[in-house]
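The structure under discussion appears below in the form of structure tokens.
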Amino acid sequence: MFSLDLLLDAVVIGVLLGCFYGAVSLGLSVSFGLLDVPHVAHPAFLVLASYAVYFLNENYAVDPLVAGLLITPIFLLLGLAVYRLYYETFEKRGSDASVRGIAFFFGIAFIIEVVIILQFGVDQRSVTATYIGKAWRLGDIRIPYRLLVAFAVATALTMLLTLYLSRTFMGRAIRAVAQDQEALRLMGANPIKVKQWAFGIATAVLGIAGALLIIVAPVDPTLDRAYIGRTFCIVVMAGLGSLGGTLVAAIILGVAESIVLTLFGASWAPAISFAMLLGILAVRPQGLFGRRS
Amino acid sequence: MKRDGIAFWTGAVVFLAAVLVMTQVVGNQYPFFAGYVILQSIALAVAWSILGGYAGYVNFGTSAFYGVGVYASVFLVSAFGAPLPVQILTGAAIGAVMGLALGLLTLRMQGIFFSIATIALTIVIETTVTNWRYVGGAAGIQIQRPAVTPPFDSYVQMLFFVQAVLVVLAVAISRYIHNSWIGRGLQALRDDELAAECTGVPTLRLKLLACVISGALMCAVGAPAAMYLQYADPGSAFNLNYSVTTLAMSLIGGTAHWAGPIIGAILLGTTQQVLTVTISSEVNLLVLGLMLVLFVVGAPEGIVGLIYKLRGNQKEGEI
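Chain order of the listed sequences is A and B. Here my numbering runs 443 ahead of the position in the first sequence, where the first position is 1. Here my numbering runs 2 ahead of the position in the second sequence, where the first position is 1.
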């Protein structure tokens, strides 16, 4: 029977989950929201990061969060390289490029999935750490520590990235390039360099986000498909490029998923983010905090 | 034009006759099992390119239409024991309605937003089917094949022929669109939707038409698959792999000509069958993904584009 306790439980878990969703969507908020790159492979990179963390944790007993930090530089380089390739082959050619750009990232996502399957198999993988498996009792509500850790790191990450984009010189340049690329060129800056760096940062953040993903729940190679819905739902709902909006949108999604899960069971869970995404796209494509009309 | 039409229809009749003779002569069942999958790939790729190629709307929802086709059959068989032609026609009708719904829902969306919406549609439908007990839910459902109709010896041979008919149908429709004002209109809206609208191309109606035709064909192609596998489950019927494979085949073949998706599907479909049998299905998917990325980066117009280039760009738009 549905009770107020259950609802409260669902909302609390939903908020924590939402902040975590926000953290895994940050990269997309920059790459898709600010740079207009159709980055369908974002969730695939996320799952790839999770497997890298799993590898370090399993073989060298590295704490998942430390492992996430360790792979961040590699993901930065990966992001820089991917954007360069994307720019040279698609953005530069213009007109017809968007169709192929989408197919390009879809193909990349597919390759990552298959490579993970070939390397690690199709089974679920998880990490071990002291804070995984235990829970904190708050009255009647039981909150797993893994979710609390993810919540704390996710919030810190979101704040850091927001500060980076608003306070540092490079961060402001990134927001400038999103607003008017030509103006930046006239100021004597190279907009492509700025965009490449931004894409690199967006990918680097995935190192930590991937660690959070595997801390919160076990991962399998095709998990990216579910996260296409979650991340794009959040970024589109937030309004493209709004980092603060990303957090709010992520919490809305987290709470919605958590409540539906409690009411109707887990089998409906995958559809929630996608259904919300469809609804938002159809009714209000500019998002809740959108800058475009 | 006229002569090409005669050549095309002669080719189609010869192809169907050859398929029919093959079902009567070849005793081994394996060629039909493998061939069915290749024919299915061709039909899907051709159907996909009507919206994805001519109109430039990248549809990731092939698996949604295909899966709905499969489950339309599953429902019709378990509820009424409907025969195969009814399954296919109903599948096509549902696909047309679904295509229309997709078109209406995504009226204002372009580029990546349309693509993401089609993935979303796939997952929403898949989840609904997963929670639909009558057609087996997540566990899937077994289907009994009825007795085979003469002149065919086995059901798979019959399905092989049926799928060949669907391929001819899909190609004929795609070729008609390509050569008619519809195709030119779609290409105009692909190049610049605003400019096309301003010059009097009814972009909205054309886009909806492309969605309806493409959707109807994909669903019709999916319908016999339930009988082919004698089993259906949401996880495989709605598998995104169908979307990736179909998209890869169309783009690798090239979408500038109606023959492009056919070339791509035959080439990749055959390679896939060989790799799956000789190595593993994972390696086959890896090769598919690599070829897709390689082609969109290196040869954006696909094989057809390469052929045009070799011929010196003279005959573009003809045939």
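The beta carbon of each residue, even a glycine, is placed where N, CA and C say it ideally should be.
When the options are compared against residue i, the one with the closest alpha-carbon
{"i": "residue 576 (chain A)", "options": "A:718, A:672, A:660", "result": "A:660"}
{"i": "residue 587 (chain A)", "options": "A:573, A:599, A:598, A:600", "result": "A:573"}
{"i": "residue 38 (chain B)", "options": "B:188, B:182, B:186, B:163", "result": "B:163"}
{"i": "residue 605 (chain A)", "options": "A:685, A:640, A:691", "result": "A:685"}
{"i": "residue 548 (chain A)", "options": "B:60, B:33, B:238", "result": "B:60"}
{"i": "residue 64 (chain B)", "options": "B:264, B:243, B:12", "result": "B:243"}
{"i": "residue 465 (chain A)", "options": "A:598, A:628, A:642, A:613", "result": "A:598"}
{"i": "residue 2 (chain B)", "options": "B:112, B:77, B:107, B:108", "result": "In this structure chain B extends from 3 to 321, so residue 2 (chain B) is not present and cannot be described."}
{"i": "residue 72 (chain B)", "options": "B:15, B:125, B:225", "result": "B:225"}
{"i": "residue 468 (chain A)", "options": "A:669, A:726, A:721", "result": "A:669"}
{"i": "residue 261 (chain B)", "options": "B:206, B:246, B:304", "result": "B:304"}
{"i": "residue 146 (chain B)", "options": "B:199, B:86, B:170, B:90", "result": "B:86"}
{"i": "residue 175 (chain B)", "options": "B:29, B:51, B:12", "result": "B:51"}
{"i": "residue 184 (chain B)", "options": "B:31, B:265, B:206", "result": "B:206"}
{"i": "residue 541 (chain A)", "options": "B:91, B:89, B:112", "result": "B:112"}
{"i": "residue 96 (chain B)", "options": "B:313, B:234, B:15, B:221", "result": "B:221"}
{"i": "residue 779 (chain A)", "options": "B:108, B:135, B:297", "result": "The displayed coordinates of chain A run from 444 to 736. Any statement about residue 779 (chain A) would go beyond what the structure contains."}
{"i": "residue 525 (chain A)", "options": "A:617, A:507, A:640", "result": "A:640"}
{"i": "residue 282 (chain B)", "options": "A:672, A:564, A:590, A:610", "result": "A:564"}
{"i": "residue 491 (chain A)", "options": "A:647, A:461, A:692", "result": "A:647"}
{"i": "residue 295 (chain B)", "options": "A:505, A:507, A:535, A:553", "result": "A:553"}
{"i": "residue 520 (chain A)", "options": "A:642, A:692, A:601, A:607", "result": "A:642"}
{"i": "residue 672 (chain A)", "options": "B:44, B:62, B:105", "result": "B:62"}
{"i": "residue 546 (chain A)", "options": "B:115, B:135, B:40, B:246", "result": "B:246"}
Own chain, CB closer than 6 Å to residue i, minus 5 neighbours either side, in chain order
{"i": "residue 493 (chain A)", "result": "653, 656, 657, 662"}
{"i": "residue 723 (chain A)", "result": "679, 680"}
{"i": "residue 476 (chain A)", "result": "678, 683, 684"}
{"i": "residue 140 (chain B)", "result": "132"}
{"i": "residue 551 (chain A)", "result": "484"}
{"i": "residue 34 (chain B)", "result": "158, 159, 162"}
{"i": "residue 638 (chain A)", "result": "478, 620"}
{"i": "residue 448 (chain A)", "result": "583"}
{"i": "residue 259 (chain B)", "result": "306"}
{"i": "residue 75 (chain B)", "result": "89, 225, 228"}
For residue j and residue i, believed in contact at Cβ under 8 Å, the rounded distance
{"i": "residue 79 (chain B)", "j": "residue 532 (chain A)", "result": "47 Å between Cβ atoms; not a contact."}
{"i": "residue 209 (chain B)", "j": "residue 191 (chain B)", "result": "7 Å"}
{"i": "residue 478 (chain A)", "j": "residue 593 (chain A)", "result": "26 Å between Cβ atoms; not a contact."}
{"i": "residue 240 (chain B)", "j": "residue 66 (chain B)", "result": "7 Å"}
{"i": "residue 167 (chain B)", "j": "residue 46 (chain B)", "result": "Actually they do not touch by this definition, with Cβ atoms about 15 Å apart."}
{"i": "residue 489 (chain A)", "j": "residue 603 (chain A)", "result": "Between residue 603 (chain A) and residue 489 (chain A) the Cβ distance is about 18 Å, and since that is not below 8 Å, they are no contact."}
{"i": "residue 585 (chain A)", "j": "residue 595 (chain A)", "result": "At roughly 18 Å, the Cβ-Cβ gap does not stay under 8 Å, so residue 585 (chain A) and residue 595 (chain A) are not in contact."}
{"i": "residue 714 (chain A)", "j": "residue 125 (chain B)", "result": "6 Å"}
{"i": "residue 529 (chain A)", "j": "residue 544 (chain A)", "result": "7 Å"}
{"i": "residue 667 (chain A)", "j": "residue 556 (chain A)", "result": "7 Å"}
{"i": "residue 690 (chain A)", "j": "residue 601 (chain A)", "result": "6 Å"}
{"i": "residue 234 (chain B)", "j": "residue 143 (chain B)", "result": "6 Å"}
Counterpart residues of residue i in DSSP-defined beta bridges
{"i": "residue 579 (chain A)", "result": "A:586"}
{"i": "residue 233 (chain B)", "result": "B:144"}
{"i": "residue 568 (chain A)", "result": "A:662"}
Residues near residue i in its chain [Cβ-Cβ closer than 8 Å; skip 5 each side]
{"i": "residue 301 (chain B)", "result": "307, 308"}
{"i": "residue 320 (chain B)", "result": "Caution applies to residue 320 (chain B), whose pLDDT of 49 falls short of 50 and renders its modelled position unreliable; the model cannot decide the point."}
{"i": "residue 626 (chain A)", "result": "619"}
{"i": "residue 718 (chain A)", "result": "none"}
{"i": "residue 127 (chain B)", "result": "66, 69, 70, 240"}
{"i": "residue 567 (chain A)", "result": "661, 662, 663"}
{"i": "residue 450 (chain A)", "result": "702, 705"}
Cβ-based neighbour list, residue i, same chain, cut-off 7 Å, excluding 5 preceding and 5 following
{"i": "residue 645 (chain A)", "result": "470, 473, 474, 522"}
{"i": "residue 277 (chain B)", "result": "285, 286, 289"}
{"i": "residue 297 (chain B)", "result": "253, 254, 304"}
{"i": "residue 13 (chain B)", "result": "none"}
{"i": "residue 11 (chain B)", "result": "none"}
{"i": "residue 692 (chain A)", "result": "677, 680, 681, 731"}
Amino acids of chain D, ordered along the chain, whose beta-carbon sits closer than 7 Å to that of residue i
{"i": "residue 532 (chain A)", "result": "Absent from the structure is chain D; the protein chains it does hold are A and B."}
*Does the region 276-292 of chain B come close enough to the region 46-55 of chain B to have 3 or more Cβ pairs within less than 8 Å?*
No, the region 276-292 of chain B does not touch the region 46-55 of chain B.
*Does the region 678-691 of chain A come within contact of the region 508-523 of chain A, defined as at least 3 CB pairs closer than 8 Å?*
Short answer: they don't touch.
_I want to know whether the region 217-231 of chain B touches the region 155-163 of chain B - three or more CB-CB distances under 8 Å._
Enough Cβ pairs lie closer than 8 Å, so yes.
*Determine contact between the region 250-257 of chain B and the region 267-278 of chain B, defined as no fewer than three beta-carbon pairs at a distance below 8 Å.*
Pairwise C-beta distances place the region 250-257 of chain B in contact with the region 267-278 of chain B, as three or more of them are shorter than 8 Å.
*Do the region 9-27 of chain B and the region 210-226 of chain B touch if we need at least three Cβ pairs shorter than 8 Å?*
Contact between the region 9-27 of chain B and the region 210-226 of chain B is absent: fewer than 3 CB-CB pairs across the two stretches fall below 8 Å.
*Pairing CB atoms from the region 468-484 of chain A with CB atoms from the region 702-716 of chain A, are three or more of them under 8 Å?*
These segments do not touch.
*asked:* Check whether the region 496-516 of chain A and the region 625-639 of chain A are in contact - that is, three or more C-beta pairs closer than 8 Å.
replied: No, the region 496-516 of chain A is not in contact with the region 625-639 of chain A.
*Report yes or no: do three or more beta-carbon pairs, one from the region 691-702 of chain A and one from the region 444-458 of chain A, lie closer than 8 Å?*
Contact between the region 691-702 of chain A and the region 444-458 of chain A is present, because at least three Cβ pairs lie under 8 Å.
*If we count Cβ pairs, one from each stretch, closer than 8 Å, do we get three or more for the region 94-109 of chain B versus the region 213-221 of chain B?*
Yes: the two stretches touch, three or more of their Cβ pairs being nearer than 8 Å.
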